[in-house]
Amino acid sequence: MADRVRFRFWTITDYEEEEQFLREQHREGWRFKRYVLPGFYLFDRCTPEDMVYRLDFDQAVKGEKMGYLKMYRDYGWEYLFDVNGFSYFRKPAEGLDKETEIFSDNDSRLEMVRRIFWRRMVPLLCVFLCCLLPQLFTQYVRWREYGDMGEKVLLIIFDVLFVLYVWLFIHCGRGIHRLRKKYQKE
5 MADRVRFRFW TITDYEEEEQ FLREQHREGW RFKRYVLPGF YLFDRCTPED
55 MVYRLDFDQA VKGEKMGYLK MYRDYGWEYL FDVNGFSYFR KPAEGLDKET
105 EIFSDNDSRL EMVRRIFWRR MVPLLCVFLC CLLPQLFTQY VRWREYGDMG
155 EKVLLIIFDV LFVLYVWLFI HCGRGIHRLR KKYQKE
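Residue numbering for the sequence shown is 5 to 190, as defined by our numbering.
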């Protein structure tokens, strides 16, 4: 059982904020133990220290995970677990330098942003265009024809999903643009 549970909602482009959140918790004496979907972070009490957390998105090719983890372990990173395609690592801040950083250059950071876009944003866009949008249109037509309570409830559900998807596209699109701009400047 965890000593502390925190709820935070991050999108796929908020990984730097999530890393900072985990670092701040560790500085306060709360070691990240586990993540439980959706958005629950479980922490154990520990000695406060400055621990750097890094998330890497779906880098390892199937069958090469052990080599991928060994490489990071050789650089002093402790592998925690994977959640939604992100691998979680931590390392004491005092042992962090450019040579042992997970992302030693902006090209590798840009590559991760590219992977996030193609493996998360594009499939979400396909689901939106192929499933949600046609279903929303169908529900509007059925509601106008029949107008019964069941159709209204379904229409409300699809309206909420539509707004949620649009918000996610805007937020994540802006996040990807911000990250690309940031890593191209540095």
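Each residue gets a CB set at the ideal place from its N, CA and C atoms; glycine is no exception. Keep in mind it's a predicted model, so treat the numbers as computed, not measured.
Distance, Cα to Cα, residue i vs residue j?
i: residue 119; j: residue 87; result: 15 Å
i: residue 182; j: residue 17; result: 9 Å
i: residue 73; j: residue 123; result: 21 Å
i: residue 70; j: residue 180; result: 29 Å
i: residue 21; j: residue 13; result: 11 Å
i: residue 85; j: residue 154; result: 42 Å
i: residue 24; j: residue 146; result: 47 Å
i: residue 78; j: residue 165; result: 44 Å
i: residue 176; j: residue 186; result: 15 Å
i: residue 110; j: residue 49; result: 34 Å
i: residue 10; j: residue 158; result: 32 Å
i: residue 27; j: residue 42; result: 20 Å
i: residue 144; j: residue 101; result: 57 Å
i: residue 83; j: residue 62; result: 14 Å
i: residue 128; j: residue 98; result: 39 Å
i: residue 156; j: residue 188; result: 48 Å
So residue i is in the beta strand (DSSP E); what residue range does that whole segment cover?
i: residue 55; result: 55-61
i: residue 85; result: 82-87
i: residue 49; result: 44-49
i: residue 34; result: 34-40
Cβ of residue i within 9 Å of Cβ of residue j?
i: residue 29; j: residue 44; result: no
i: residue 162; j: residue 132; result: no
i: residue 95; j: residue 38; result: no
i: residue 60; j: residue 116; result: yes
i: residue 67; j: residue 104; result: no
Since I believe residue j is in contact with residue i (beta carbons under 8 Å), could you give me their beta-carbon distance rounded to a whole number of angstroms?
i: residue 107; j: residue 19; result: About 11 Å separates the two Cβ atoms, so there is no contact after all.
i: residue 114; j: residue 184; result: 7 Å
Start and end of the alpha helix (DSSP H) containing residue i?
i: residue 91; result: Segment 90-96 is the beta strand (DSSP E) holding residue 91; no alpha helix (DSSP H) there.
i: residue 128; result: 126-131
i: residue 182; result: 153-189
i: residue 118; result: 110-120
i: residue 10; result: Note, residue 10: premise wrong, no alpha helix (DSSP H); beta strand (DSSP E) at 8-11.
i: residue 74; result: 69-78
i: residue 137; result: 137-149
i: residue 25; result: 19-31
- request: State whether the segment 26-33 contacts the segment 45-55, with contact taken as three or more CB pairs (one from each stretch) at a distance under 8 Å.
  value: yes
- prompt: Does the segment 157-177 touch the segment 129-137, meaning 3 or more C-beta pairs lie closer than 8 Å?
  reply: yes
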